[in-house]
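Protein chains in written order, with the working numbering: chain A, 1 to 236; chain B, 1 to 306.
Ideal Cβ positions, reconstructed from N, Cα and C, are used throughout, including at glycine.
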């Protein structure tokens, strides 16, 4: 395999061994690590890899309060199956203070604000407590993510570590198959990208995958990967 | 036993709280209600038996923090609070979602962090939607109104509790009969009011639509009975009668001889909503039709002031 090494499959794609070594290096320096997960089927690869490396690493599930019941059940199932140290991260702002001027919940008029209160703001507080955020973003998921690097600074001096950045959908599929990882129960009902229920849409055959979230809006990211990151010019 | 009742000042809640307060095993009752219907009758009429056990919190389901505080040391939750309008719950879908779906989800999240051991949710027979024969608990739900959709989505969140907490979901029929906190939008209650005071009833649709009902005393007895009955958690129908709207009118005509009725939109033929009584549950919870429907109505009319 051209360019293959112990750390990278190609010049960028990290192997499980490479991920493990990097995590051990962080830990050897005394850095505090955590990861976050949406517990979708494709997210399970990173969780499974981490469970093989160190099951004590906290896995923050951003519980926005708007998840499908199926996602919450799947979270509990996977937590037990992998033996994870899952932490339920809830918003600080009570739901009744998340209504707009019309009295409707914010997702009906200002999804950015809704994402901020329920995802970005709670995660911002977590960043203050840790040194390394192991984050499963992949470059092939969006233009924003394609512009990221494997290691990137985040607010409060935290490092974002993106071990899956250059894994492809095919690699994810192969890993899931090899380890027989479970599938989110809504996938068989036609959901491909599963987030908060109000802003998730089951795809019709003529729709693109990106339209599974915030359908009809220009919005493609919730803010975790645009606000909780320090952007630098990408290294060629 | 310490109990929290959401919607405890409402139509069913008022009667349930009054009954629970008289049970010796019940040590404390927290009424959690936002008084969205400005009905204060729970708070009036002199001291209730067991009144010293009752505490009131004016709060709403979406107050995540308030719910967590209210649930401190609570053993049992009755979740009755909901946005309900009848007839024709077809407008402002978001508001039903906000309260009945997301509000229920919020309560479930708070319960997950609490010491609650038993959760009782009053869902609706409306989740079955239009029926051609009586629906039992295995009939796939197919709700057709915003209200019923939101109640069913609330069920999905409540059901998450089942592995850890004894969880009861009751799909209740249309409730009728006298409560200290009345609802006169529910069909039989409205008919009784109009028959007694106006001598003229207005009917939606053809009147031939069948509906499943339960008397307020029966549902109150059933809900209180869950505390003692040897029942496993689950999803159960809670109905005692299935009759047509016109059957209600016919019975009222026997009691109010000069009664008239107006069919205000008889071009609309509404679907039936028939739900099968669960005889096992009704027996376990000691609910049955102790008198005829006409006697029920007679008793109701006797509670009206003139």
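Handout entry: C-alpha distance - residue 165/B paired with residue 227/A, whole-angstrom precision
Key = As a working note, residue 165/B is residue 165 in the second chain. As a working note, residue 227/A is residue 227 in the first chain. Computed Cα separation, rounded: 39 Å.
Exercise for the section: Determine the chain A residues that contact residue 106/B at a beta-carbon separation under 9 Å, and present them in chain order. Expected result: Taking the first residue of the second chain as position 1, residue 106/B is located at position 106. Residues of chain A passing the Cβ test: 65, 94, 95, 96.
Handout entry: Buried versus exposed call for residue 262/B [16 or more other C-beta atoms within 10 Å across all chains shown]
Key = To locate residue 262/B, count along the second chain from 1; it is residue 262. That one is exposed.
Exercise for the section: For the alpha helix (DSSP H) holding residue 234/B, just list the boundary residues, first then last. Expected result: As a first step, residue 234/B is located in the second chain; it is residue number 234 there, counting from the start. Per DSSP, residue 234/B belongs to no alpha helix (DSSP H); it is in the beta strand (DSSP E), 234 to 238.
Problem - 6 Å Cβ shell around residue 13/B - same chain, five flanking residues per side excluded - result: The residue given as residue 13/B occupies position 13 in the second chain. Answer for residue 13/B: 5, 7, 80, listed in chain order.
Exercise for the section: Compute the distance between the beta-carbons of residue 152/B and residue 141/B, then report whether it is under 7 Å. Expected result: In the second chain, the residue the question calls residue 152/B occupies position 152. In the second chain, the residue the question calls residue 141/B occupies position 141. Result yes, Cβ atoms of residue 152/B and residue 141/B sit closer than 7 Å.
Handout entry: Pick from 210/B, 274/B, 304/B, 199/B that is closest to residue 258/B, judged by C-alpha positions
Key = Mapped onto the second chain, residue 258/B falls at position 258. Nearest to residue 258/B by alpha-carbon distance, out of 210/B, 274/B, 304/B, 199/B, is 199/B.
Handout entry: Extent of the continuous alpha helix (DSSP H) to which residue 189/B belongs
Key = Counting from 1 along the second chain, the entry for residue 189/B is found at position 189. Per DSSP, residue 189/B belongs to the alpha helix (DSSP H) from 187 to 193.
Practice task
Pull out every residue of the region 93 to 126 of chain A whose Cβ sits closer than 7 Å to any Cβ of chain B, in chain order.
Solution key: Answer in chain order: 94, 95, 96, 104, 105, 108.
Exercise for the section: Could you name the residues of the region 10 to 35 of chain B whose beta carbon sits closer than 7 Å to any beta carbon of chain A, in the order they occur along the chain? Expected result: Residues passing the 7 Å Cβ filter: none.
Handout entry: Contacts of residue 94/B in chain A (Cβ-Cβ under 8 Å)
Key = Against the second chain, residue 94/B aligns to sequence position 94. Near residue 94/B (Cβ distances below 8 Å), the residues of chain A are 104, 105, 108.
Practice task
Answer yes or no: does any C-beta atom of chain A fall closer than 7 Å to that of residue 98/B?
Solution key: By one-based count along the second chain, residue 98/B stands at place 98. Among the residues facing chain A, residue 98/B is included, as its CB has a counterpart in that chain under 7 Å away.
Exercise for the section: Using 10 angstroms around the beta-carbon of residue 163/A, count the other beta-carbons present and answer buried if the total reaches 16, otherwise exposed. Expected result: Here the question's residue 163/A lines up with position 163 in the first chain. Answer is buried; the Cβ neighbour count reaches 16.
Practice task
Under 8 Å by Cβ, that's how I've got residue 45/B and residue 180/B pegged, so tell me the actual separation to the nearest angstrom.
Solution key: Taking the first residue of the second chain as 1, we reach residue 45/B at position 45. Taking the first residue of the second chain as 1, we reach residue 180/B at position 180. The C-beta distance from residue 45/B to residue 180/B rounds to 7 Å, short enough to fall under 8 Å.
Exercise for the section: Within its chain, find whatever has a CB closer than 7 Å to the CB of residue 169/A; leave out the 5 residues flanking it on each side and keep chain order. Expected result: Residue 169/A sits at position 169 when you count from the first residue of the first chain. Contacts found: 140.
Handout entry: Beta-carbon spacing of residue 212/B, residue 248/B below 7 Å
Key = On the second chain, residue 212/B is found 212 positions in, with the first residue counted as 1. On the second chain, residue 248/B is found 248 positions in, with the first residue counted as 1. No Cβ-Cβ contact shorter than 7 Å links residue 212/B with residue 248/B.
Practice task
Let me know the secondary structure DSSP gives residue 135/B once reduced to three states.
Solution key: Against the second chain, residue 135/B aligns to sequence position 135. Of the three classes helix, strand and coil, the one that applies to residue 135/B here is strand, per DSSP.
Exercise for the section: Within its chain, find whatever has a CB closer than 6 Å to the CB of residue 289/B; leave out the 5 residues flanking it on each side and keep chain order. Expected result: Position 289 of the second chain, counted from the first residue, corresponds to residue 289/B. Cβ neighbours of residue 289/B beyond the five flanking positions: 240.
Practice task
Identify the continuous beta strand (DSSP E) that holds residue 118/B and give its terminal residues.
Solution key: Counting from 1 along the second chain, the entry for residue 118/B is found at position 118. Residues 118 to 124.
Problem - Residues of its chain near residue 1/A, where Cβ-Cβ distance is below 6 Å and the 5 sequence neighbours each way are ignored - result: For the purposes of this step, residue 1/A is identified with residue 1 of the first chain, where counting begins at 1. Model confidence at residue 1/A stands at a pLDDT of 41, short of 50, so the residue's coordinates are unreliable; what they give is reported in the following sentence. Nothing listed; no residue qualifies.
Exercise for the section: Label residue 92/A either buried or exposed according to how many other C-beta atoms from any shown protein chain fall within 10 Å of its C-beta, with 16 as the threshold for buried. Expected result: Residue mapping note: residue 92/A aligns to position 92 of the first chain, counting from 1. Its Cβ having fewer than 16 others within 10 Å, residue 92/A is exposed.
Problem - 8 Å CB neighbourhood of residue 130/B in its chain, flanking five on each side removed - result: For this step, residue 130/B is matched to residue 130 along the second chain. Correct list, in chain order: 142, 144, 271, 272, 273.
Practice task
Evaluate residue 303/B with the Cβ neighbour count: other Cβ atoms within 10 Å of its Cβ, from every protein chain shown; 16 or more gives buried, anything less gives exposed.
Solution key: Your numbering for residue 303/B matches position 303 in the second chain. Residue environment for residue 303/B: exposed (fewer than 16 other C-beta atoms within 10 angstroms of its C-beta).
Exercise for the section: Evaluate contact between the region 169 to 186 of chain A and the region 72 to 87 of chain A, counting only Cβ atoms and requiring at least three cross-stretch pairs below 8 Å. Expected result: Proximity of the region 169 to 186 of chain A to the region 72 to 87 of chain A meets the contact definition, three or more beta-carbon pairs being nearer than 8 Å.
Practice task
Starting from the C-beta of residue 90/B, find all residues in its chain whose C-beta is less than 7 Å away, skip the five residues before and the five after it, and write them out in chain order.
Solution key: As a working note, residue 90/B is residue 90 in the second chain. Only 145, 146 meet the Cβ criterion.
Handout entry: Cα-Cα separation between residue 106/A and residue 36/A, rounded to whole angstroms
Key = As a working note, residue 106/A is residue 106 in the first chain. As a working note, residue 36/A is residue 36 in the first chain. Taking the straight line joining both Cα atoms gives about 24 Å.
Problem - Beta-carbon proximity of residue 199/A to residue 214/A, cut-off 7 Å - result: Counting from 1 along the first chain, the entry for residue 199/A is found at position 199. Counting from 1 along the first chain, the entry for residue 214/A is found at position 214. Yes.
Exercise for the section: Could you round the C-beta distance between residue 132/A and residue 24/A to whole angstroms and report it? I think they count as a contact, below 8 Å. Expected result: Along the first chain, read from residue 1 onward, the residue named residue 132/A stands at position 132. Along the first chain, read from residue 1 onward, the residue named residue 24/A stands at position 24. Going by Cβ atoms, the distance from residue 132/A to residue 24/A rounds to 12 Å, so no, they are not a contact pair.
Problem - C-alpha distance - residue 26/B paired with residue 61/B, whole-angstrom precision - result: Your numbering for residue 26/B matches position 26 in the second chain. Your numbering for residue 61/B matches position 61 in the second chain. About 23 Å.
Exercise for the section: Kindly confirm or deny that the region 62 to 75 of chain B and the region 111 to 130 of chain B touch, where touching means at least three C-beta pairs closer than 8 Å. Expected result: The region 62 to 75 of chain B, when compared against the region 111 to 130 of chain B, does touch it at the 8 Å Cβ threshold.
Problem - residue 222/A burial status per 10 Å Cβ neighbour count (16 or more: buried) - result: Counted from its first residue, the first chain places residue 222/A at position 222. Residue burial annotation: residue 222/A is buried, with at least 16 other C-beta atoms found within 10 angstroms of its C-beta.
Exercise for the section: Spell out the partners DSSP gives residue 215/B in its beta bridges. Expected result: On the second chain, position 215 is the one that residue 215/B refers to. Partner(s): 176/B.
Practice task
Determine the chain A residues that contact residue 109/B at a beta-carbon separation under 8 Å, and present them in chain order.
Solution key: Translated into positions along the second chain, residue 109/B becomes position 109. Ordered by position in chain A, the residues that pass the 8 Å Cβ test against residue 109/B are 63, 65, 90.
Exercise for the section: Check the C-beta distance from residue 67/B over to residue 125/B and give it rounded, since I have them as a contact under 8 Å. Expected result: Numbered from 1 along the second chain, position 67 holds the residue referred to as residue 67/B. Numbered from 1 along the second chain, position 125 holds the residue referred to as residue 125/B. Wrong, their Cβ atoms sit about 27 Å apart, outside the cutoff.
Exercise for the section: State the CB to CB distance for the pair residue 194/B and residue 188/B, rounded to an integer number of angstroms; the pair is presumed to be in contact (CB under 8 Å). Expected result: As a position in the second chain, residue 194/B is number 194, starting the count at 1. As a position in the second chain, residue 188/B is number 188, starting the count at 1. Contact doesn't hold; Cβ gap of about 11 Å is too wide.
Exercise for the section: Output the residue ranges of the beta strand (DSSP E) runs that lie fully inside the region 8 to 39 of chain B and measure 3 residues or longer, sorted by chain position. Expected result: DSSP runs (the beta strand (DSSP E)) wholly in the region 8 to 39 of chain B: 28 to 33.
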